[in-house]
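Visitor: I'd like to ask you about the structure that follows.
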Amino acid sequence: MLAFALAAAIIAFFWLPALLERDAVKLNVVGPGHFDFHEHFLSLCELLAPSRILDMGATAPRYRFNLGLAQWLLALPALGAVLRLGTRKIRKLPDSLTLLPYFVLAGLALIFLMLPASVGIWERVPGLPYLQFPWRLLGPANLMLAMCGAGSVALLPPNRWRDPVLAVILVASLLLALPVLYPPMWAPDFGPTAPQDIIQWEQHSLALGTTSTGDFVPVGAALVPMHPEPALIESYSRPGPVDRVNRATLPDGARVEIIEHGPLHDRFAVSTPKQFILRLYTFYFPGWRAYVDGEEVEIEVAGPEGFITLRVPEGEHEVLVRFEDTPPRTAGWIISVVGLATLVVALMLVPKSQISSLKSQNLIWLGGALLLFVILKGAVIDPHDDWLRYTSPPGQAWAAQYEQRANFGGQIELLGYDLPRRRVYSGEEFSVVLYWHALTPLDVNYQSFVHLARPLHVLWGQEDHLNPGGLPTTRWPLDKYVWDEYEIRVLPGTPPGEYVLNVGLYSMAGGYRLQRYGEYGQAVGDSVVIASVEVKRPYRLPRLAELDLTREVMATFPEGGVTLLGYVQSHDEVTLPGAWPVTLFWRADCDNPAARTRALVLLDAGGHEVGRLSGSPVDGYYPFEVWHAGEIVRDPLLLVSAQPVNLEAGVYYFGVTVSADEPLIAEGASKPFVPLGTVEFLVEE
56 MLAFALAAAI
66 IAFFWLPALL
76 ERDAVKLNVV
86 GPGHFDFHEH
96 FLSLCELLAP
106 SRILDMGATA
116 PRYRFNLGLA
126 QWLLALPALG
136 AVLRLGTRKI
146 RKLPDSLTLL
156 PYFVLAGLAL
166 IFLMLPASVG
176 IWERVPGLPY
186 LQFPWRLLGP
196 ANLMLAMCGA
206 GSVALLPPNR
216 WRDPVLAVIL
226 VASLLLALPV
236 LYPPMWAPDF
246 GPTAPQDIIQ
256 WEQHSLALGT
266 TSTGDFVPVG
276 AALVPMHPEP
286 ALIESYSRPG
296 PVDRVNRATL
306 PDGARVEIIE
316 HGPLHDRFAV
326 STPKQFILRL
336 YTFYFPGWRA
346 YVDGEEVEIE
356 VAGPEGFITL
366 RVPEGEHEVL
376 VRFEDTPPRT
386 AGWIISVVGL
396 ATLVVALMLV
406 PKSQISSLKS
416 QNLIWLGGAL
426 LLFVILKGAV
436 IDPHDDWLRY
446 TSPPGQAWAA
456 QYEQRANFGG
466 QIELLGYDLP
476 RRRVYSGEEF
486 SVVLYWHALT
496 PLDVNYQSFV
506 HLARPLHVLW
516 GQEDHLNPGG
526 LPTTRWPLDK
536 YVWDEYEIRV
546 LPGTPPGEYV
556 LNVGLYSMAG
566 GYRLQRYGEY
576 GQAVGDSVVI
586 ASVEVKRPYR
596 LPRLAELDLT
606 REVMATFPEG
616 GVTLLGYVQS
626 HDEVTLPGAW
636 PVTLFWRADC
646 DNPAARTRAL
656 VLLDAGGHEV
666 GRLSGSPVDG
676 YYPFEVWHAG
686 EIVRDPLLLV
696 SAQPVNLEAG
706 VYYFGVTVSA
716 DEPLIAEGAS
726 KPFVPLGTVE
736 FLVEE
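The numbering used here applies: residue 56 is where the sequence shown begins, and numbers increase by one.
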């Protein structure tokens, strides 16, 4: 415990201000979308997998979020020793390994927190969602594994094989790390990086300063400025200091000259015929202080932006606005200095007899192994670093598991895809990786989609990307490919069967899809089916909450052997001509239910039937008679105006009927018709 207390003291300069001043910063922005921790869990297979051989033909080589093969393999003996503590084989650990159980348990806990199974902990433990990316725990987890690996080595019996084994372990660890020792160089043509260029990029991207969600701004900023101040932007392009003064608010006759400017201070010479409020385009955080002629004055936070303002009296003055330490920061630094001094004194007072030293034989083996690795790396591996990476030629993606050529609009080509699993369970996620290649310089940022469909217009899972591969298409090079990974969730209640993966590109701004060209340049559609996927019945039935029902119905048809759980109605209003989608959710109350057909019935305000969609569930793909007891089935329907009936504007009622040889009546009902809800049809003007 003393060691942990000392470590906490040494880093108090960081955690103490962060803890005590957390209420001064907006930290409640932890999502959505890319910043939602739910989207960034890792699979156990990826954590335990070896590092990839990198393809330099990609815009960004595809790394794995893994622990490292050597790291977790070396930790296994330590895990085994801890599990056998108290048994006849290991009654007690040596004194030098008393902390080994802690490192083992901490390592296991950190690994677990990166897995989807830990989602309940992330949702319930305050502060944990602020990490945003569970894989950020890879560093601490590997530190724990390193300590476990050292414990495993310490458990080796002291015989003549111990030193050679240590040398082999060292060399193996270094060799397994070789694939990631040669990262690609930063692209020299990334673009200009002057402050004005970065600001222009921020204005044309989704970024807001250094963030894309407005997080980490002061709590005083009730309204985060969404558009830059023209005068401030202009000052970045002029020579001289950046001008953060809101000059539009200066009184007539007042002059403010910039004497000094820095990231943490501004000094001004002010001349004014009357008292006024000096307004700066600087966010107020604890630590900003203002001085007029050396005397501190009060800073007032201007709403709603949270900018710094201060009163300047009549006359000529020197104004200094400076970011200084606060009491929590000062206390943190004092504690850190005391902690560091305590550590130095403690090390000086430790008797030499208590400091273990390696035997000369150990040093010979380990030093020799390390020297051999350095020689091999410098003389053999470095001149041939292509042994550990490769480069796909332009227009090819050697990393792709399957080749799939598809030309979209003569602008972008699909080169191939990865589909590690072709069998998935209903409600489960599976991975798809697409490999794209720009055929010509692009001036439109296209979006991409992957649909799990049957037929093509009915979706059972999907994922869209605003920037395929995380890179706007206008920045795609012509000599490299872009890999684009998707995690497709099969919707809960999806019935078993064969489905297809449908892929395409579209312009969100333009409202159109890119056409796919055939072999002779003719348009053959706006998407491409790349593979089929078999969906199997789930291990676990979905909960009602997972279905996101618009309304829970619970209408049981005893003679039919089914229950209508509820429905999802995505639109309460539909503009004619248009389509109206409704999804019904059923539960089988027995094997092979007797029900045969169901119908979605549309009634006008007078109760007269004006439309009906009837047939077997799931458009006949999954009829009632093949259902298993307890199974929950998603049943999408699409009513299109003019098919089968022309609809007029107005409010309509809809409901469901179920039939076997004759119409069935639900429990507690007197008629076959089960009312569900209303929909309003509007006329397009």
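Yeah, the Cβ is synthetic: ideal placement off N, Cα and C, and Gly gets one too.
Under a Cβ-count criterion, where at least 16 other Cβ atoms within 10 Å of its own Cβ denotes burial, should residue 524 be classed as buried or exposed?
Guide: With 16 or more Cβ atoms within 10 Å of its Cβ, residue 524 is classed as buried.
Visitor: Just the C-alpha distance for residue 742 and residue 277, rounded to the nearest angstrom, thanks.
Guide: Since the first residue shown for the chain is 56 and the last is 740, residue 742 is missing from the structure and cannot be characterised.
Visitor: Any idea what DSSP makes of residue 197, helix, strand or coil?
Guide: Helix at residue 197.
Visitor: Please specify which runs of the alpha helix (DSSP H), each continuous and at least 4 residues long, are wholly inside the region 74-162, giving them in chain order.
Guide: Counting whole runs of 4 or more residues, the region 74-162 contains the alpha helix (DSSP H) stretches 99-103, 124-138.
Visitor: Looking only at C-alpha atoms, which of 563, 160, 664, 375 sits nearest to residue 320?
Guide: Residue 320 has its Cα closest to that of 375, out of 563, 160, 664, 375.
Visitor: Tell me where the beta strand (DSSP E) around residue 598 begins and ends.
Guide: Here residue 598 belongs to no beta strand (DSSP E), and DSSP marks it neither H nor E.
Visitor: Apart from the five residues on each side of it in sequence, which residues of its chain come closer than 7 angstroms, Cβ to Cβ, to residue 710?
Guide: Same-chain partners within the cutoff: 656, 728, 729, 730, 731.
Visitor: Where does residue 175 sit, in a helix, a strand or coil, going by DSSP?
Guide: In the structure shown, residue 175 sits in a helix (DSSP, three-state: H, G or I).
Visitor: Using the C-alpha atoms, what's the distance from residue 658 back to residue 699?
Guide: Confidence at residue 699 is low in this model, with a pLDDT of 45, below 50, so the placement of that residue is unreliable and no value is reported for it.
Visitor: Which residues does DSSP list as the beta-bridge partners of residue 640?
Guide: Answer by DSSP bridge pairing, in chain order: 621, 689.
Visitor: Taking contact to mean 3 or more Cβ pairs, one atom from each stretch, closer than 8 angstroms, check whether the region 489-506 and the region 74-84 are in contact.
Guide: Touching, no, given that fewer than three Cβ pairs across the two stretches are closer than 8 angstroms.
Visitor: State buried or exposed for residue 648, treating a residue as buried only when at least 16 other CB atoms are found within 10 Å of its CB.
Guide: Residue 648 is buried by the Cβ-count criterion.
Visitor: Measure how close the beta-carbons of residue 97 and residue 199 come, nearest whole angstrom, since I'm counting them as under 8 angstroms.
Guide: With 8 angstroms as the limit, residue 97 and residue 199 do not qualify as a contact, their Cβ atoms being about 16 angstroms apart.
Visitor: Hey, would you say residue 546 sits closer than 8 angstroms to residue 516, going by beta carbons?
Guide: Yes. Within cutoff.
Visitor: Measuring straight from C-alpha to C-alpha, what distance separates residue 532 and residue 114?
Guide: So the two alpha carbons sit approximately 8 angstroms from each other.
Visitor: Please list the terminal residues of the continuous beta strand (DSSP E) segment that includes residue 490.
Guide: Here the beta strand (DSSP E) through residue 490 covers 484-493.
Visitor: Report all residues from its chain with a CB closer than 6 angstroms to the CB of residue 195; omit the five preceding and five following residues, and keep chain order.
Guide: Here the set comprises 165.
Visitor: In terms of alpha-carbon separation, which member of 693, 318, 541 lies closest to residue 636?
Guide: For the residues 693, 318, 541, the minimum Cα distance to residue 636 belongs to 693.
Visitor: Using only CA atoms, which one of 286, 125, 135 lies nearest to residue 226?
Guide: Minimum Cα distance to residue 226 is reached at 125.
Visitor: Kindly list the residues whose CB is nearer than 6 angstroms to the CB of residue 738, restricted to its own chain and excluding five residues on each side of it in sequence; keep chain order.
Guide: These residues qualify, in order along the chain: 631, 704.
Visitor: Can you give me the Cβ contacts of residue 540 inside the same chain, cut-off strictly under 6 angstroms, excluding the 5 residues immediately before and after it?
Guide: Correct list, in chain order: 488.
Visitor: With a cut-off of 8 angstroms on the beta carbons, I'd call residue 621 and residue 606 a contact; round off their distance for me.
Guide: Right, their Cβ atoms sit about 6 angstroms apart.
Visitor: If you reduce the DSSP assignment to three classes, tell me which class residue 277 lands in.
Guide: If DSSP states are grouped into helix, strand and coil, residue 277 belongs with coil.
Visitor: Inspect the beta-carbon positions of residue 298 and residue 309 and report whether they are closer than 8 angstroms.
Guide: No.
Visitor: Between the alpha carbons of residue 413 and residue 544, how many angstroms are there, rounded?
Guide: Because the pLDDT at residue 413 is just 49, under 50, the model does not fix this residue reliably, and the value given afterwards should be weighed accordingly. Their backbone Cα atoms lie some 54 angstroms apart in a straight line.
Visitor: Going by Cα to Cα distance, which pick from 136, 214, 77 is closest to residue 205?
Guide: With distances taken between Cα atoms, residue 205 lies closest to 136.
Visitor: Going by DSSP, what residue range makes up the alpha helix (DSSP H) through residue 748?
Guide: The question about residue 748 has no answer here: the residues shown for the chain are numbered 56 through 740.
Visitor: Need the endpoints of the alpha helix (DSSP H) that residue 584 sits in, please.
Guide: It is not in any alpha helix (DSSP H) - residue 584 instead sits in the beta strand (DSSP E) that spans 583-591.
Visitor: Given residue 284, which residues of its chain have a CB within under 6 angstroms of its CB, disregarding the five upstream and five downstream residues?
Guide: Here the set comprises 336.
Visitor: Measure from the alpha carbon of residue 463 to the alpha carbon of each residue in 224, 382, 602, 560, then state which is nearest.
Guide: Here the closest residue by C-alpha is 560.
Visitor: Among 175, 593, 220, which residue has its Cα nearest to the Cα of residue 742?
Guide: Outside the modelled stretch of the chain, which goes from 56 to 740, sits residue 742, for which no answer is possible.
Visitor: Could you compute how far the alpha carbon of residue 668 sits from the alpha carbon of residue 652?
Guide: Distance between the alpha carbons of residue 668 and residue 652: 10 angstroms.
Visitor: DSSP puts residue 517 in a beta bridge; with which residues?
Guide: Answer is 506.
Visitor: In the structure shown, what three-state DSSP assignment does residue 497 receive?
Guide: It is coil, neither helix nor strand.
Visitor: So which of 133, 128, 178, 104 has the shortest CA-CA distance to residue 121?
Guide: Selected option, being the one with the closest Cα: 104.
Visitor: Hey, quick one: how far does the beta strand (DSSP E) through residue 59 stretch, first residue to last?
Guide: First-last for residue 59: 57-65, but that is the alpha helix (DSSP H), not the beta strand (DSSP E).
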